[in-house]
Amino acid sequence: MPLKSPDELEQLRTKILEERKAQGEKKGIVLCTGTGCRGAGASEVFDAFKKALGKKSAIEFKSTCCHGFCERGPITIVEPLGIFYQGVTPADVPQIIAETVTKGQVIEKLLYRDPATGQTIPTEKAIPFYTKQNRLVFGNNRHLDPTRIEDYMAMGGYKALVKALFHMSPEEVIEEIKRSGLRGRGGGGFPAGRKWESCRKAHGDIKYVICNCDEGDPGAYMDRSLMEGNPHSVLEGMLIGAYAIGSSEGYVYVRNEYPLAVENVGIAIEQATKMGLLGKDILGSGFDFSLVINKGGGAFVAGESSALMASIEGYVAEPRAKHIHMTESGLWERPTNLNNVETWANVPVIIEKGADWYASIGTQGSKGTKIFSLVGKINNTGLIEVPMGMTLREIVYDIGGGIPGGKRFKAVQTGGPSGGCIPESLLDLPVDFDELTKAGSMMGSGGMIVMDESTCMVDVAKYFMHFLKDESCGKCTSCRDGTLRMYEVLDAITKGKGKEGDIEFLEEIGWMTAEASLCALGGSAANPVLSTIRYFRDEYEAHISAKRCPAGVCTELITFTIDPKACIACGKCRKGCPTEAITGEKKVPHKIVQAKCIKCGTCREVCPSDAVKVA
Amino acid sequence: MTGAQLENILKKHDYQKSSLLAILQDVQALDNYLPRKTLEAMSQRLQVPLTQIYYLATFYRAFSLTPRGDHLVTVCTGTACHVKGAATILNTLERELAVQPGETTSDKKYTLETVNCLGSCALAPLVVLDGHYHGRMVGTKVLSLLKGDKKDASKKS
């Protein structure tokens, strides 16, 4: 039965909470089955728990989406003690139930061990990865089964919607968002309240709101994890936004590669519709709102707002000029307000806790928290949520646990293909929209790819140009040909065919691509090249003048040799070599015949004594 | 794809031209690629020029105009996977299967593809074989994976 008033919603919430209270502090198991943990085997662990617990277990078993600490997946938490187990396998399941759940005993071998102190840490709260975070938006994932609206209700879900619909005028909602200082989390960082305001003021009776979940930035997956793990928070944000703007129809545009996000947001829409939180006359307020899901086709440029709208309309995702803003004439040429997943998920928090409280977090120009995906050459890979203004050093070392294998930090890449690489000298940079832009990078959607001394910066620039030349929609010559030309030059440099003047040519063509392209994708396409030239010019010069790759990555500039002193003549490399380029026999140190070597790296990979050297 | 199957898909989308992308996704899901005959029939039924359908089908990465092999091998080439050696994994597969990304082996057994990011960066570098995620790949591991080495842990995602 649909709920007809805020009172009915509160009654339902009270009922859910009382039922839970009556059951007492129940013993429970929380298993993360987010995409990261699934990849590490959480589905098998899920089956094992289901089988071991049977149907009528007194133990509550909850499967949630991403908790953030993907490096250690699959993650299991045993309640009410909050014991945190990592790397759980199906074989561990009987022991967890018999010892921890039943008797409250902790299993040492499954605990997180702090690499710094060597001590095990039994609870999530005490793990350094979590202690420095402020998980305002993302923290709820851990408590929610995303397929159960009751879980979201129990946590106070849809309270902010009631507050907006019944205690605030649309103008007041917009004012609140403006005062909170919320800026769009999708990349540009445009103030959300101002966008809403111009959409509200735009002429036309039909207006649309859109949630952009076309997270194409490689190495970023926070929107996916929010959408998979807490879809109702996104829906609630969209409902509040639609009310403020005066819209009754919305779209959720989800990337094709995210099937679980499509599934979970679909379930959430269905449940919210059934409860009367979507549809006609929501909670008796007279406000109507409905949502449609659109699946993307796998194009990076579709994340650009005008391209995304073209895609919803059934055309190819090509951006258009924005002399007229989307808020004036967007989808089907009607006023349209688009925000990304994380932006929408921040809205209920702001409305519930107030703009002043929200604005007290963060820096002067960037308020609140930001979710980053901290990946690459880092010990604690995962999703983190920190207040704006935290330094890169704190993020990389305190939360991320530093660089694996004792290697030296080189750079952190932010902002995806539109961003740049920030060097070690700027590690104390406070991370917010403006500081990152000043450093020649950008916030983007929040990817943070850490690179160490074995990462070649010219190769990284080439990687992004390869990506962008493929993903450029081809509408503007400057972007289509600019990214291609930059790729060709970079490719030549990494192959030892670089020549004097290449760096200047890249700078010139990069500038031109940025200036002459229509959309932000082209406008920022040169950033990966320009920022690496700015901070790592010596690496470019080593490739061009000395025909040398200092990081040992570019295959045409490196040679593989076997150190005869270290070689134990085991024959593994000889057997593994796909081109039979290795000679030698038992007890005779092996040698690589350079003419046959294709530098595939297999010998280095299989060598048990680290005898294969790259120079 | 039979005519009736196509008709069902078109009906599901109310014969709307604006749903072309979703219609193509449904066809691809059923046949694993977009057969020319189906696209021609679609063009007739929806009164949309065939060029417009091809414009969409070639623009978006999700579509294939050629039949795929029995097994789909996808190498994630997201940034995290790249810095952790995805290029080596891809080179190994290209050499072993003797195809480039987007191509199918002549025995129609394997199709090799790349994807820009699967959001499982903790498992980088990542290879997906028929929907099963195989994380922290190295060249030798990917070869044993192709040979169907049962010891290799496979995780359904």
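Chains D and Z, in that order, are what the protein sequence lines are.
Residue 58 in my numbering sits at position 21 of the first sequence, with consecutive numbering throughout.
Residue 200 in my numbering sits at position 153 of the second sequence, with consecutive numbering throughout.
Each residue gets a CB set at the ideal place from its N, CA and C atoms; glycine is no exception.
Chain-order list of residues whose beta-carbon lies under 8 Å from that of residue i (same chain, five-residue window excluded)
i	result
Z/G104	Looking at the sequence provided, one finds Ala at residue 104 of chain Z rather than Gly. So the list reads L71, L81, L86, F110 and L112, once near-sequence residues are dropped.
D/E508	G253, A336, F337, V338, P454 and L558
Z/G50	A88
Z/L57	I70, M89, R92 and L93
Z/Q96	For the record, residue 96 of chain Z in the displayed sequence is Pro; it is not Gln. Cβ neighbours of Z/P96 beyond the five flanking positions: S90.
Z/L53	V74, T85, A88, M89 and R92
Run of the beta strand (DSSP E) containing residue i, from where it starts to where it stops
i	result
D/Y434	Per DSSP, D/Y434 belongs to no beta strand (DSSP E) and is neither H nor E.
Z/Q5	A question about residue 5 of chain Z goes unanswered here, because the residues of chain Z that appear run from 48 up to 204.
D/S410	T406 to G413
D/F725	Beyond the ends of chain D as shown, which are 38 and 652, falls residue 725 of chain D; an answer cannot be given.
D/N383	Premise fails: D/N383 lies in the alpha helix (DSSP H), V378 to K390, not in any beta strand (DSSP E).
D/F106	It is not in any beta strand (DSSP E) - D/F106 carries neither H nor E in the DSSP assignment.
Z/Y102	First-last for Z/Y102: L97 to F106, but that is the alpha helix (DSSP H), not the beta strand (DSSP E).
D/N331	S327 to K332
D/G457	G457 to P460
D/Q450	F446 to T451
D/G65	G65 to C69
Distance between residue j and residue i (C-alpha atoms, nearest Å)
i	j	result
D/I581	D/G519	21 Å
D/L263	D/G155	32 Å
Z/K198	D/F121	Because Z/K198 carries a pLDDT of 43, less than 50, the predicted location of this residue cannot be relied on, and no value is offered for it.
D/A59	D/P467	47 Å
D/P441	D/T168	21 Å
Z/V74	D/A298	21 Å
D/L655	Z/R183	Nothing about residue 655 of chain D can be read from this structure; chain D reaches only from 38 to 652.
D/I304	D/D188	14 Å
Z/S65	Z/L93	10 Å
Z/S201	D/L345	With a pLDDT of 44 at Z/S201, under the threshold of 50, the modelled position of this residue cannot be trusted, and the question is left open.
Z/L137	D/R261	25 Å
D/K162	D/P117	13 Å
D/T137	D/R179	19 Å
D/S403	D/V495	32 Å
D/S366	D/E55	48 Å
D/K650	D/G439	25 Å
D/E45	D/K52	10 Å
D/Y572	D/L543	15 Å
D/G399	D/V353	38 Å
Z/T151	D/G241	51 Å
D/K215	D/M205	14 Å
Limits of the unbroken alpha helix (DSSP H) element including residue i
i	result
D/M275	P268 to I282
D/Q308	P296 to K311
D/V495	M494 to E508
Z/Q63	No alpha helix (DSSP H) contains Z/Q63, which DSSP labels as neither H nor E.
D/A79	A79 to L90
Own chain residues within Cβ distance below 7 Å of residue i, not counting five before or after
i	result
D/G613	T639, C640 and V643
D/A529	G535
D/K140	none
D/V130	V82, A85, F86 and A89
Z/M48	V74, L77, D78, P82 and T85
D/V329	Y288
D/P11	Lying outside 38 to 652, the shown extent of chain D, residue 11 of chain D is not represented and no answer is given.
D/G333	D251, Y290, V291, R292, N293, A339 and S348
D/A665	Lying before the first or after the last residue shown, residue 665 of chain D is absent from chain D, which here runs from 38 to 652.
Chain-order list of residues whose beta-carbon lies under 6 Å from that of residue i (same chain, five-residue window excluded)
i	result
Z/Y157	G116, H118, V120 and L144
D/R150	T157
Z/K203	For Z/K203, the predicted model reports a pLDDT of 40, less than 50, meaning its position is unreliable; a value from the coordinates is still stated below. Around Z/K203: H179.
D/K512	E355
Contact set between residue i and chain A, taken where Cβ atoms lie within less than 8 Å
i	result
D/S348	The displayed structure is made up of protein chains D and Z, and chain A is not among them.
Review point. Residues in the stretch 355 to 386 of chain D with C-beta within 8 Å of chain Z's C-beta atoms, listed in sequence order?
Key: Per Cβ criterion, the list is empty.
Practice item. Would you list, in chain order, the members of the stretch 291 to 313 of chain D that have their beta-carbon closer than 8 Å to a beta-carbon of chain Z? Key: In summary, the residues of the stretch 291 to 313 of chain D whose CB is separated from some CB of chain Z by less than 8 Å are N293, E294 and Y295, in the order they occur in the chain.
Check your understanding: Any chance the stretch 554 to 568 of chain D sits against the stretch 442 to 462 of chain D, with 3 or more Cβ pairs inside 8 Å?
Key -> These segments touch.
Exercise for review: Could you tell me whether the stretch 140 to 158 of chain D touches the stretch 168 to 178 of chain D, where touching means 3 or more Cβ pairs closer than 8 Å?
Suggested key: Touching, no.
Review point. Does the stretch 198 to 209 of chain D touch the stretch 241 to 257 of chain D, meaning 3 or more C-beta pairs lie closer than 8 Å?
Key: No, the stretch 241 to 257 of chain D is not in contact with the stretch 198 to 209 of chain D.
Exercise for review: Could you please tell me which residues of the stretch 114 to 145 of chain Z, in chain order, have their CB closer than 9 Å to any CB of chain D?
Suggested key: Residues of the stretch 114 to 145 of chain Z with a C-beta atom less than 9 Å from some C-beta of chain D are C123, T124, G125, T126, A127, C128, H129, V130, K131, G132, A134, T135, N138, T139, R142 and E143, listed in chain order.
Point to revise | Three CB pairs or more closer than 8 Å across the stretch 527 to 538 of chain D and the stretch 581 to 595 of chain D | key: Contact holds: three or more Cβ-Cβ distances are below 8 Å.
Review point. Taking three-plus beta-carbon pairs below 8 Å as touching, is the stretch 414 to 433 of chain D in contact with the stretch 99 to 116 of chain D?
Key: By the Cβ criterion, the stretch 414 to 433 of chain D is in contact with the stretch 99 to 116 of chain D, since at least three pairs of Cβ atoms, one from each stretch, lie closer than 8 Å.
Review point. Is there contact here, the stretch 317 to 332 of chain D with the stretch 38 to 55 of chain D, by at least three beta-carbon pairs under 8 Å?
Key: Yes: at least three Cβ pairs fall under 8 Å.
Review point. Between the stretch 268 to 281 of chain D and the stretch 377 to 396 of chain D, do three or more beta carbon pairs fall short of 8 Å?
Key: As far as the Cβ criterion goes, the stretch 268 to 281 of chain D touches the stretch 377 to 396 of chain D, which means the pair count is three or higher.
**Study point:** Residues in the stretch 464 to 480 of chain D having any Cβ partner in chain Z nearer than 7 Å
**Key:** Answer set for the stretch 464 to 480 of chain D: empty.
Review point. Three or more beta-carbon pairs under 8 Å between the stretch 95 to 103 of chain D and the stretch 62 to 71 of chain D, yes or no?
Key: The stretch 95 to 103 of chain D vs the stretch 62 to 71 of chain D: in contact.
Practice item. Determine which residues of the stretch 164 to 197 of chain Z have a Cβ less than 8 Å from any Cβ of chain D, and write them out in chain order. Key: In summary, the residues of the stretch 164 to 197 of chain Z whose CB is separated from some CB of chain D by less than 8 Å are C164, L165, G166, S167, C168, A169, L170, A171, L173, Y180, G182, V185, G186 and T187, in the order they occur in the chain.
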